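Since the structure comes first, as structure tokens, the remarks are kept for the end.
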Amino acid sequence: MPKSSIKEFMFVMGTIFLMEMADKTQLSAASFSAKISRPTLVYL
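In the working numbering, each residue carries its 1-based index in the sequence shown increased by 44.
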């Protein structure tokens, strides 16, 4: 496998990993805001 292919593969995997982590963060924020009485405080 050429070096450029490995570099591109790692870039794509890193991007997917960051997108998945952002998705989990959004879900946890939405879940937490549903549990408290003033949900706007979660997003400030």
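All C-beta atoms in this analysis are idealised placements derived from N, C-alpha and C, irrespective of residue type, glycine included.
Small disclaimer: the values here were computed from a predicted structure and weren't measured.
DSSP state of residue i mapped onto helix, strand, coil
i   : result
I80 : coil
Heavy atom of the ligand ADP within 8 Å of residue i beta-carbon
i   : result
G58 : Judged by which ligands are present, the structure shown has none, so any question about the ligand ADP falls away.
Exercise for review: At 3 residues or longer, and completely inside the stretch 47 to 72: list those beta strand (DSSP E) runs for me, N to C.
Suggested key: Along the length of the stretch 47 to 72, whole beta strand (DSSP E) runs at least 3 residues long do not occur.
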